[in-house]
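Numbering (this note's numbering), first residue to last: 52 to 253.
Now the structure itself:
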């Protein structure tokens, strides 16, 4: 069976990766979002919950049985060892699910959304092309404040743990500028969709 053509979609926090993937989905393209997979694994009854409880303790689990994401977010970006422990639980489970979904995809190509695609090993070997969603860093910060009500210092700490904007752009095969309005974004996606259809048929 031929491996599907896979576009790795990435970008800094608040760049608008979900907006871009949703725009591709409107064209009937299969989206595999590792953040969504992670959320499912850490929801009530998720496969990662027992291991998280064992490694981090009951205080990281909410009364409904799901991960306390706010507490974990604060912990991992102030303690690199906590981040390593969490990744040791989640990454193998996510990678297994990603491989399964790619193998069973029937579309012309796949958008694989991985926030840390260029920072971490594990996915660059399965993507055929890297698409970076880009916008000004001040806009990233404002979007995350509006979306998650996080403290600005924490957001900037998260950004420091990601590749710099210039480094990310230097590794991109394609770039979407997501600093404008939705119509502009969807037009950029439409152009790339045609390109990816062509590439996937070669």
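Backbone N, C-alpha and C define an ideal beta-carbon position, used for all residues, glycine too.
No experiment lies behind these values; they were computed from the predicted model shown.
**Request:** Please classify residue 242: is it buried, with 16 or more other beta-carbons within 10 angstroms of its beta-carbon, or exposed?
**Result:** By the 10 Å Cβ count, residue 242 comes out exposed.
**Item:** 7 Å Cβ shell around residue 150 - same chain, five flanking residues per side excluded
**Value:** The answer is none, since no qualifying residue turns up.
**Prompt:** Where does residue 149 fall in DSSP's three states?
**Reply:** Under the three-state reduction of DSSP, residue 149 is assigned to helix.
**Request:** Determine, using beta carbons only, whether residue 174 and residue 56 come nearer to each other than 7 Å.
**Result:** For residue 174 and residue 56, no; Cβs fall outside 7 Å.
**Message:** Residues in the same chain with beta-carbon distance under 7 Å from residue 212, minus the five sequence neighbours each way, listed in chain order, please.
**Reply:** For residue 212, same chain residues with a beta-carbon under 7 Å away, outside a window of 5 residues either side, are 128 in chain order.
**Message:** Need the endpoints of the beta strand (DSSP E) that residue 61 sits in, please.
**Reply:** From DSSP, the beta strand (DSSP E) with residue 61 extends over 56 to 62.
**Item:** Bridge partner(s) assigned by DSSP for residue 163
**Value:** Answer is 59, 83.
**Message:** Whether or not the stretch 63 to 75 and the stretch 169 to 185 are in contact is what I'm after, with contact meaning three or more pairs of Cβ atoms, one per stretch, closer than 8 Å; do they touch?
**Reply:** Counting Cβ pairs under 8 Å, three or more are found: they touch.
**Message:** Bridge partners for residue 226 per DSSP, in chain order?
**Reply:** DSSP, once it has assigned bridges, lists 183 as partnering residue 226.
**Message:** I want to know whether the stretch 134 to 147 touches the stretch 83 to 103 - three or more CB-CB distances under 8 Å.
**Reply:** The answer is yes - the stretch 83 to 103 touches the stretch 134 to 147, with three or more Cβ pairs under 8 Å.
**Request:** Could you check the C-alpha separation between residue 125 and residue 253 for me, to the nearest Å?
**Result:** Those two C-alpha atoms are separated by around 45 Å.
**Prompt:** So what does DSSP say about residue 118, is it helix, strand or coil?
**Reply:** For residue 118, the secondary structure class from DSSP, reduced to helix, strand or coil, is strand.
**Request:** Enumerate in chain order the residues of its own chain whose CB-to-CB distance from residue 162 is below 6 Å, with the five nearest sequence positions on each side excluded.
**Result:** Taken in chain order, the residues that qualify are 58, 60, 72, 75, 80, 82.
**Message:** I need the DSSP call for residue 140, collapsed to helix, strand or coil.
**Reply:** Of the three classes helix, strand and coil, the one that applies to residue 140 here is helix, per DSSP.
**Request:** Report, in whole angstroms, the separation of the C-beta atoms of residue 98 and residue 92, which I expect to be a contact under 8 Å.
**Result:** Confirmed, about 5 Å.
**Asked** Using CA coordinates, which residue listed in 196, 227, 248 is at the minimum distance from residue 209?
**Response** Among 196, 227, 248, the Cα nearest to that of residue 209 is on 196.
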